[in-house]
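Colleague:
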Amino acid sequence: MIQSIASVPLSGESLKILAQKLGNRIYTKYCVRQKHQNRTVKKLASIYDAYTDLLAKDTKVYNVLPREQWCKLEMEQRSGPTLQGGEAGWPYIVTLELGTFMVDMMVKNLKINSDILNPACDRKLIPILYHMYAFRSTRQVGFIKPHPILTQMQQEAMETMLTFESSVMPMLCPPVPWTSVKFGAYLLTPAKLMRTLEGAMQHDQLLEKCQNLHPVFDSLNQLGNCAWRINKPILDIIISIFNDRGSDELDIPPPLSEAPKIPHFNPQDPTYTASEKAHMKREVINAKKKCSEMHSLRMDALYKLSIAHHMRDELFWFPHNMDFRGRTYPCPPYFNHLGSDVTRAMLVFAEGKPLGSKGLDWLKIHLVNLTGLKKRSSLQERLEYANSIMEDILDSADDPLNGKKWWMEADEPWQALGCCMAIANAVRSPDPTKFISHFPVHQDGSCNGLQHYAALGRDVIGATSVNLMPCEVPQDVYSGVAQQVEELRARDAAKGLKIAQVLEGFISRKVVKQTVMTVVYGVTRYGGRLQIEKRLKEIDEFPKEHVWDASHYIVRLVFSGLKEMFTGTREIQDWLTESARLISKSGHTVEWVTPLGLPIIQPYHRTRYQV
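Residue numbers (UniProt numbering): 1 to 611.
1. Verify whether the separation of the beta carbon atoms of residue 626 and Ile112 is less than 8 Å.
2. Among residues of its own chain, excluding the 5 on either side of His203, which ones have a beta-carbon nearer than 7 Å to its beta-carbon?
3. Do Ile234 and Leu305 have their beta-carbon atoms positioned less than 8 Å apart in this structure?
4. Based on Cα-Cα distance, which residue from Thr567, Ile116, Met390 and Gly597 lies nearest to Leu450?
5. Return the first residue and the last residue of the alpha helix (DSSP H) that Asn286 is part of.
6. Write down the C-beta distance between Val477 and Cys447 rounded to the nearest angstrom, noting that I regard them as a contact closer than 8 Å.
7. Determine the DSSP secondary structure at Thr189, reduced to helix, strand or coil.
8. Enumerate, from N- to C-terminal direction, the unbroken beta strand (DSSP E) stretches of 3 or more residues contained entirely within the region 113 to 161.
9. Do you know whose CA, among Asp361, Lys16, Glu412 and Arg606, lies nearest Arg382's CA?
10. Confirm, please, whether the CB-CB distance from Val511 to Arg535 is below 8 Å.
11. With Glu591 as the anchor, note down where its beta strand (DSSP E) starts and where it stops.
12. DSSP three-state call for Tyr609: helix, strand or coil?
13. So the alpha helix (DSSP H) Val502 belongs to, where does it begin and stop?
14. Alpha carbon to alpha carbon, what distance is there between Lys537 and Gln531?
15. Go to Thr433, then tell me how far its alpha helix (DSSP H) extends in each direction, as first and last residue.
16. Grouping DSSP H, G and I as helix and E and B as strand, with all else coil, what is Leu363?
17. Out of curiosity, what's the CA-to-CA distance linking His310 and Tyr303?
18. What does the alpha-carbon distance come out to for the pair Ser586 and Ala50?
19. Leu456 and Ala416: beta carbons closer than 8 Å?
20. Smallest Cα separation from Ala301: which of Pro254, Trp317 and Asp398?
21. Say whether the region 27 to 41 touches the region 181 to 193, bearing in mind that this needs 3 or more beta-carbon pairs closer than 8 Å, one atom from each stretch.
22. State the Cα-Cα distance for the pair Arg67 and Gly597, rounded to the nearest angstrom.
23. Considering Cα atoms alone, identify which of Gln443, Val441, Ala426 and His442 is closest to Phe435.
24. Just to confirm the assignment: which complete beta strand (DSSP E) runs, minimum length 3, are found wholly within the region 317 to 356?
25. So which of Lys21, Val590 and Pro413 has the shortest CA-CA distance to Phe101?
26. Counting pairs of beta carbons, one from the region 167 to 177 and one from the region 325 to 335, are three or more of them closer than 8 Å?
27. Measuring only the C-alpha atoms, how far is Arg570 from Thr518?
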């Protein structure tokens, strides 16, 4: 309960969310205690020791999967308590009610002396938490807010110790392989195979009925068994910038001391006109919003860096589970390899491999990919470019903060710096082919959603633009769409359309990329316009008064451009939309089974309110 208070933000936390978190933590504690009491822990330890013994001998070739090995060991130790999901899950409403009861106890009983920070005040006991209501849209939502005295004490405390649940931290030992819907990932903490909306039952019921989910389990186990470690030189540079006022250009959030000052004015002051008052109010709202955003980003970075620093000398693993679509994710939410450029740069594989004859070339190609400079060049041309700038690469590795700083211009600067260091270490080794590298080299699909649609619709033009057809040089669909939009813009500008003239020189790959990527996931023109608006606001030179009109104009051109390039895509999307409409109309959810045997349910429902 005390730990949950420390995590309540200054603006307050929704009662429901706070109660849910607290209820879930109590359920976890209950599960762990139950495993101790029914002797499950002893049996688990015995099987796990034998299992990790075999994992540690992974230099040998085994034709047995981790899941099969675990099941074999479990069969050999059949006597005693069962490991497979012995604990019954608590219904969502039970954890919520329990959490609410405990939050209520905290609000009523946790008090503090009112004179603790100011001895001049009258001493009396005051509650440190308040229950209040706020309107969200048309609904009244209960909030728990900390007393300003508590917030001030926490902010002024000399040293802040961050406390995390073990289940949000990377594991210091290999995860337990998934062998059933209810068993896998952590040794003691319960984990869900599929992340679902709280209270949703249909996914769990469908999974329980499935006869063979072995391919799904094995995929998650394969991902979870990859060991990682921290790239210490990169971590140290990031921490030094974080402690020295951060850097927006390098995506290291600055502290609140760098935030804009919130202007103070008296609304009752008669010297202000009505329009000046409205303007000042807007200024105050914008400044408060900016402060709130900066605080949120700074805390997020603090969490990530604290965990990375804590793990700096360890080997660790990320257990995985999936969402309702079968998309896999690491269970630890704050720090993992699916994070931003900063987070990814801090992680390298624990197990290194000799570079061999082609490894150094791939490191160089990967570095050029991270810069974003040679999207349209062949792999050979990218390699030649990397060789031509070796001086800059080695300078970045040797003196990242005071040298030429070439790495800072890359699309993904921190991963680029890590790659420069890996290349420098390799080329300076006695034999680069025998150099043991731990650095991950990415292989990525070209707008994978569009690849699927192009293949389904047999769109030759579309397929070529997403590299499904043989080409001399890699194709880039985003640049293709940007080029098409630019041609249409130039035509409109010549006809005298003002917004097309304003946009001259501003149509780029970056502006259209997110919208092109998400069109296949059902983004609407409204959503696409917001994405483009965000990109245009990031361009300092673009006149801000034209952002609204320009985003409307560009999204229309992007949609019509995609329609021309991917003729079959739109037809398939329309067919799927119509099918989903008819299925929903008949009172059913949209369901299907993937080739791996995973049942999928679309969990979207329209909410109806009845008075």
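Quick reminder that beta carbons are idealized off the backbone N, C-alpha and C, glycines included. Please read all numbers here as calculations on a predicted model, not as lab measurements.
Modeller: On the basis of the data shown:
1. Given a span of 1 to 611 for the chain in the structure shown, any question on residue 626 remains unanswerable.
2. Closer than 7 Å at the Cβ level, and outside the excluded window around His203, lie Met194, Thr196, Phe324 and Ile601.
3. Cβ distance not < 8 Å, so Leu305 and Ile234 don't count as in contact.
4. Ranking Thr567, Ile116, Met390 and Gly597 by Cα distance to Leu450 puts Thr567 first.
5. Secondary structure note for Asn286: its alpha helix (DSSP H) is the uninterrupted segment Ala274 to His310.
6. Going by Cβ atoms, the distance from Val477 to Cys447 rounds to 5 Å, so yes, they are a contact pair.
7. Note: Thr189 maps to coil in three-state DSSP.
8. Within the region 113 to 161, the complete beta strand (DSSP E) segments at least 3 residues long are 125 to 127, 129 to 136 and 139 to 146, listed from N- to C-terminus.
9. When each option's Cα is compared against that of Arg382, the closest is Asp361.
10. Cβ atoms of Arg535 and Val511: closer than 8 Å.
11. Counting along the chain, the beta strand (DSSP E) containing Glu591 begins and ends at Glu591 to Val593.
12. Coil, per DSSP.
13. That run of the alpha helix (DSSP H) goes Lys498 to Val502.
14. Spanning the two alpha carbons is a distance of roughly 10 Å.
15. Membership of Thr433 in any alpha helix (DSSP H) is not indicated, and neither H nor E is assigned to it by DSSP.
16. Note: Leu363 maps to helix in three-state DSSP.
17. A straight line joining the alpha-carbon of His310 with that of Tyr303 spans about 11 Å.
18. Those two C-alpha atoms are separated by around 53 Å.
19. Cβ distance not < 8 Å, so Leu456 and Ala416 don't count as in contact.
20. Nearest C-alpha to Ala301: Pro254.
21. Because the criterion of three Cβ pairs below 8 Å is met, the region 27 to 41 and the region 181 to 193 touch.
22. Between the alpha carbons of Arg67 and Gly597 lies a distance of about 17 Å.
23. Measuring from the Cα of Phe435, the nearest candidate turns out to be Ala426.
24. Counting only runs of 3 or more, we get 320 to 322, 328 to 330 and 347 to 349.
25. Comparing Cα positions, the closest option is Lys21.
26. They touch, by the three-pair rule.
27. Within the model, the alpha-carbon separation for Arg570 versus Thr518 is close to 13 Å.
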